[in-house]
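Just add 1409 to the spot in the sequence shown (first one is 1) and you have this note's numbering. Just so it is clear, CB atoms sit at the ideal spot from N, CA and C, and this is done for glycine as well.
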Amino acid sequence: MPEARLAILISGRGSNMVALANAARAPDFPADIALVLSNKADAQGLETAAAMGLETLALPHRGFANREAFDTALSAELKARHIDVIALAGFMRILTPGFIRQWEGRIVNIHPSLLPKYQGLDTHARAIAAGDREAGCTVHVVTERLDDGPVLAQARVPIAPDDTEATLAARVLAQEHRIYPAALAAHIRSLGPKQACPDQR
Ligand code: GAR
């Protein structure tokens, strides 16, 4: 089975990207990281990825008239590199239904909550404000509905009475780094030999 070509999409720090890149060094990881792309040119994660020897590309969304135009350019960049699977790793942009349909089943996301709870932003602050006793993170396949789609893995952490958004985020992030590589690898393996770029794109 040929290695899948993986693109990691980021918008900022890129710590999940680093976790995936480190995991991809293992000989049995089913994908090569062919591209780390950011919609923000100054994303710290782009520098980190370049320092790790990965191919990087900044595609600033501000240069495009609308979401469709950005997603069309994004898809073209991915196809030009024969990408098979996309991992969203702190990519803070909503993808259009057209883009998601083109890459159906091949986009995976990590979200910092126990979905279906707390879709969207400020997940940790909302969990603390609600008095929740636990929080966590979810790896899921991306569908046209935001922060929805089949769950591949979840991890739970306790919320301490003195937790702040920052302390809780750090506890959850450690779990993100643990579950994302394994869940992504299992999903890529489940795609089987049809993982090569489908010609209908
Ligand atoms: C992570 O906590 C990730 O779950 C979250 O952004 C952070 C990115 O950190 N993603 C979302 O909120 C997506 N809606 P990182 O850049 O260090 O990986």
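Expressed to the nearest angstrom, what Euclidean distance is found between the alpha-carbon atoms of T1552 and G1558? 5 Å
Hey, which unbroken runs of the beta strand (DSSP E) at 3 residues or more fall wholly within the region 1432 to 1520? 1440 to 1447, 1465 to 1467, 1494 to 1497 and 1516 to 1520
Limits of the unbroken alpha helix (DSSP H) element including R1587: E1574 to L1600
Proximity test, R1422 beta-carbon vs the ligand GAR heavy atom, cut-off 7 Å: yes
Please state whether DSSP places L1555 in a helix, a strand or coil. coil
Do the CB positions of D1480 and T1505 come within less than 8 Å of each other? yes
Could you tell me which residues DSSP pairs with E1543 in its beta bridges? P1567
Measure how close the beta-carbons of Q1453 and G1423 come, nearest whole angstrom, since I'm counting them as under 8 Å. 6 Å
When DSSP labels each residue in this structure, what does R1535 get in the three-state scheme? helix
Report yes if the C-beta of R1475 is less than 7 Å from at least one heavy atom of the ligand GAR; otherwise report no. Checking the sequence, you will find Asn at residue 1475 rather than Arg. The answer is no for N1475.
Hey, how far is the Cα of V1427 from the Cα of Q1528? 24 Å
Identify whether R1610 lies in helix, strand or coil by the three-state DSSP scheme. For R1610, the pLDDT reaches just 46, beneath the cut-off of 50, and the residue's location in the model is therefore unreliable, leaving the point undetermined.
Taking only the alpha-carbon atoms, compute the straight-line gap between L1418 and H1470 and give it to the nearest angstrom. 13 Å
Please find out if some non-hydrogen atom of the ligand GAR comes closer than 7 Å to the beta-carbon of A1595. no
Nearest-angstrom beta carbon gap, E1574 and I1537 [assumed within contact, 8 Å]: 7 Å
Can you tell me the Cβ-Cβ gap for E1585 and P1567, rounded? I've got them flagged as a contact below 8 Å. About 16 Å; that fails the 8 Å criterion.
At least 3 beta-carbon pairs within less than 8 Å: the region 1512 to 1526 vs the region 1441 to 1455: no
Tell me, please, which residues DSSP counts as bridged to A1562. V1548
Please determine whether the Cβ atom of H1470 lies at a distance below 7 Å from any heavy atom of the ligand GAR. no
Where does L1524 sit, in a helix, a strand or coil, going by DSSP? coil
Following the continuous beta strand (DSSP E) through L1415, name the residue where it begins and the one where it ends. A1413 to I1419
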